[in-house]
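*Asks:* According to our numbering, the first sequence is numbered sequentially starting from 527.
Virtual Cβ for every residue (Gly too), placed ideally from N, Cα, C.
Source: prediction; values computed, not measured.
Mind looking over this structure? Questions follow.
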Amino acid sequence: MTEAGTLKLDVLAALCKRRGFIFPNSEIYGGINGFWDYGPLGSELKRNIREAWWQDVVRRRDDVVGIDTAIIMHPKVWEASGHVAGFADPMVDCKSCKKRYRADNLCEDQGQELVRTDTGFVLPAGISCPACGSKDLTEPRAFNLMFESNTGPVKDDSSRVYLRPETAQGIFVQFDNVLATARQKIPFGIAQVGKAFRNEINPRNYTFRSREFEQMELEFFIKPGTDTEWHKYWVEERLKWYTSIGLPSSSLHLDVHPKEKLAHYASACTDVMYDFPFGRQELEGIAARGCFDLTQHAKFSGKPLNYFDQETNENFVPHVIEPSAGVDRIALALLCNAYREEWVPKGKDDSGSAGAILAEPGKPVPEAHEPRTVMRFHPRVAPVKVAVFPLLKNKPELVAKARGIFEDLRTDWSCFWDVTGAIGRRYRRQDEAGTPYCVTVDFDTLSADTVTVRDRDSMKQERIAVSELHDLMRERLR
RNA sequence: GCGGGUGUUGCUUAAUGGUAAAGCUCCAGCCUUCCAAGCUGGUUACGCGGGUUCGAUUCCCGCCACCCGCUCCA
């Protein structure tokens, strides 16, 4: 971001659309609220986020395995998890001033308790609208946030299914199968990346709160009593991970939930927060959920979900630590963090960006400078790692040589090929895409077999041998 | 969900109750020996649906999307 709080979300949204990061869903039909599509660069960015997470949370660890479960599950799963009953906020509207409240909060604020009945909720007598004082309020209505569908040809209550509102339950429900096949001992984790759906009342802040989104969840199963230490461990691990993909620790914060705000089964919950342009918001929640989920599924399914510890001869229901992250939120944080407007010296200038200055919004561009928009992604998440250009398009020998280098690099990295326009224009295009390095083939390449490698952030170039290009990129793109 | 605002091409901005214009971008060609050069040509727009009218991008109604505030944040 250019400066704290100065990045406007609509400016970022314009760049995202222009360069192909994020598009409004079904745009030619007018769009649909709460859904977003990712373009060529955005889909690479998301893929890189998922892969960085999968690498660090699954592949490079001995004690975590991955699974991939279906979006639609047996409807009883959601009764057991509490989502059918509890994943709904009873709301009341004031009929006179049209304000809307959460019924439970409203009652609590006025020293009363919301009455729960078999069919729903009833407001106790005497509750009034805090805004206008009117007692003319609607009955509490529950908005269940789960999307519903039906399996099979008949559409009735018996065929009702839900689109999962989180990926976690797929893990709990397969706990026994994974335990039987993965040869893991507690403590160990099961990880999953996938789509989840919540019928948000009010999607907001660009892609931040969407109705379809992607989660990366880990359920790390532990021995009861070790909850505190493992929770602390995962909070630290996860925070480190965010800096490894380029988010500065100055923009990251931990929000430790106070005990009284925790769900009854949870012993701790800490959120990883990022300073978005619209405020400090959650990227990931790390919860110590006790044995709630496995116990519930054991109860509702009638199948015990226990663990037998061979060393101690103990049989227990494992406790779980759940780091649960949102891919789209991380993508948005990375986009916000990468976006930067600069003023750079015009024309030929070998000094590179020594003269580049941070743009000040609203001020005119200084003499002999021009604006540059650059996405400063960490190489780990940059959608395109290397762009390859022949210096001139109308010299077949340059084009052929460059193409060969491009074909070589693309076997290992996401690469971009561009022959159109002046070289400077091509550099700027890659700046907006956030490509860390541009390799240019010029006439010296033909004689000396060297190329220039241009750095996105410093705009400096260095000349290196073609034979060393692969190793250099491997080192720089870590 | 409530209130306010916005909606003309990829972007920025015009004009108009009667053929929608320009700059930048993009694409093609020419040219070009490293940071948005030049020349020529080209694609692309009135958010959607009604109504009024001979004729609506323009006036009216409805809807949709986005932005801001409130609410919400499971």
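LEU780: buried (16+ other C-beta within 10 angstroms of its C-beta) or exposed?
*Replies:* LEU780 should be labelled exposed.
*Asks:* According to DSSP, is ARG628 helix, strand or coil?
*Replies:* Strand, per DSSP.
*Asks:* Does DSSP put ARG730 in a helix, in a strand, or in coil?
*Replies:* Of the three classes helix, strand and coil, the one that applies to ARG730 here is strand, per DSSP.
*Asks:* Confirm, please, whether the CB-CB distance from PRO803 to ILE712 is below 7 angstroms.
*Replies:* Contact: no.
*Asks:* Rounded to whole angstroms, how far is the Cβ of VAL965 from the Cβ of VAL979, which I believe are closer than 8 angstroms?
*Replies:* The Cβ separation is near 6 angstroms, so the contact holds.
*Asks:* For SER877, count neighbouring Cβ atoms within 10 angstroms of its own Cβ and tell me buried if that reaches 16, exposed if not.
*Replies:* The predicted position of SER877 is uncertain, since its pLDDT is 49 and thus under 50; no value can be drawn from it.
*Asks:* Is GLY878 helix, strand or coil by DSSP?
*Replies:* Residue confidence is low: GLY878 scores 48 on pLDDT, short of 50, so the model does not pin down where it sits. No coordinate-derived value is stated.
*Asks:* Could you check which residue in SER984, PHE932, ASP983 and LEU538 has the C-alpha nearest to that of THR733?
*Replies:* The candidate whose alpha carbon is nearest that of THR733 is LEU538.
*Asks:* Runs of 4 residues minimum, wholly inside the region 680 to 732: which ones carry the alpha helix (DSSP H) assignment?
*Replies:* The qualifying runs are 694 to 699 and 701 to 707.
*Asks:* Quick one: give me the first and last residue of the beta strand (DSSP E) that TRP580 is part of.
*Replies:* Here TRP580 belongs to no beta strand (DSSP E); instead the alpha helix (DSSP H) covers 566 to 580.
*Asks:* Between ALA824 and ALA792, how many whole angstroms is the CB-CB distance? I'm expecting something under 8 angstroms.
*Replies:* With 8 angstroms as the limit, ALA824 and ALA792 do not qualify as a contact, their Cβ atoms being about 18 angstroms apart.
*Asks:* Is the Cβ-Cβ distance between THR961 and ALA913 less than 7 angstroms?
*Replies:* Yes, the pair counts as a contact, with Cβ atoms nearer than the cut-off.
*Asks:* If you run the structure through DSSP and keep just helix, strand and coil, what is ASN676?
*Replies:* Residue state, collapsed to three classes: strand.
*Asks:* With a threshold of 16 other CB atoms inside 10 Å of the CB of ASP854, please say whether the residue is buried or exposed.
*Replies:* ASP854 is buried by the Cβ-count criterion.
*Asks:* When you compare only the Cα positions, how much space is there between SER940 and ARG1002?
*Replies:* In a straight line, the C-alpha of SER940 is about 14 angstroms away from that of ARG1002.
*Asks:* In whole angstroms, what separates the C-alpha of ALA694 from that of ILE748?
*Replies:* When rounded, the distance between both Cα atoms is 16 angstroms.
*Asks:* In angstroms with no decimal places, state the Cα-to-Cα distance between CYS817 and VAL846.
*Replies:* Computed Cα separation, rounded: 6 angstroms.
*Asks:* Taking buried to mean at least 16 other C-beta atoms within 10 Å of its own C-beta, is ILE474 buried or exposed?
*Replies:* Residue 474 falls outside the range modelled here, since the chain spans only 527 to 1004, and no answer is possible.
*Asks:* Could you tell me the alpha carbon to alpha carbon distance between SER685 and THR677, rounded to whole angstroms?
*Replies:* SER685 and THR677: Cα-Cα distance of roughly 5 angstroms.
*Asks:* Quick one: which unbroken beta strand (DSSP E) runs of 3-plus residues sit fully inside the region 843 to 930? Chain order, please.
*Replies:* The qualifying runs are 845 to 852, 865 to 871, 895 to 901 and 912 to 916.
*Asks:* Put HIS783 into one of helix, strand or coil per three-state DSSP.
*Replies:* Coil, per DSSP.
*Asks:* What residue range is occupied by the uninterrupted beta strand (DSSP E) comprising VAL761?
*Replies:* VAL761 -> not in any beta strand (DSSP E); alpha helix (DSSP H) instead, spanning 753 to 770.
*Asks:* Using the beta-carbon count (16 or more within 10 Å), is ILE598 buried or exposed?
*Replies:* Exposed, since its Cβ has fewer than 16 Cβ neighbours within 10 Å.
*Asks:* With a 10 Å radius around its C-beta and 16 neighbouring C-beta atoms as the bar for buried, classify PHE739 as buried or exposed.
*Replies:* When all chains shown are included, PHE739 counts as buried.
*Asks:* Work out the CA separation of LYS602 and GLY531 for me, nearest whole Å.
*Replies:* The predicted position of GLY531 is uncertain, since its pLDDT is 43 and thus under 50; a value taken from the coordinates is nonetheless stated next. About 45 angstroms.
*Asks:* Could you check where the beta strand (DSSP E) with TYR963 kicks off and where it finishes?
*Replies:* Per DSSP, TYR963 belongs to the beta strand (DSSP E) from 963 to 967.
*Asks:* Is it buried or exposed for GLU529, if we count other Cβ within 10 angstroms and need 16 for buried?
*Replies:* With a pLDDT of 38 at GLU529, under the threshold of 50, the modelled position of this residue cannot be trusted; read the value that follows with caution. GLU529 comes out exposed.
*Asks:* By the DSSP assignment, the beta strand (DSSP E) with ASP797 in it spans what residues?
*Replies:* Per DSSP, ASP797 belongs to the beta strand (DSSP E) from 794 to 802.
*Asks:* Could you compute how far the alpha carbon of TYR953 sits from the alpha carbon of VAL870?
*Replies:* Their Cα atoms are separated by approximately 13 angstroms.
*Asks:* Run the proximity test for LEU773: is its beta-carbon closer than 6 angstroms to any non-hydrogen atom belonging to the ligand PLP?
*Replies:* Ligands displayed in this structure: none; no statement on the ligand PLP is therefore possible.
*Asks:* Thinking C-alpha only, which one of LYS785, PRO784, LYS766 and HIS783 is nearest SER776?
*Replies:* Among LYS785, PRO784, LYS766 and HIS783, the Cα nearest to that of SER776 belongs to LYS766.
*Asks:* Once DSSP output is grouped into helix, strand and coil, what is the label at ASP975?
*Replies:* Coil, per DSSP.
*Asks:* GLN822 lies in the alpha helix (DSSP H); which residues open and close that run?
*Replies:* Segment 818 to 827, the alpha helix (DSSP H) holding GLN822.
*Asks:* Could you tell me which residues DSSP puts in a beta bridge with CYS941?
*Replies:* Partner(s): VAL912.
*Asks:* Let me confirm a value: ILE558 is counted as buried when at least 16 other C-beta atoms fall within 10 Å, else exposed. Which label applies?
*Replies:* ILE558 is exposed by the Cβ-count criterion.
*Asks:* Taking ASN832 as the reference, which of PRO666, ASP594, ASP635 and VAL699 has the closest Cα?
*Replies:* Closest option to ASN832, Cα to Cα, is VAL699.
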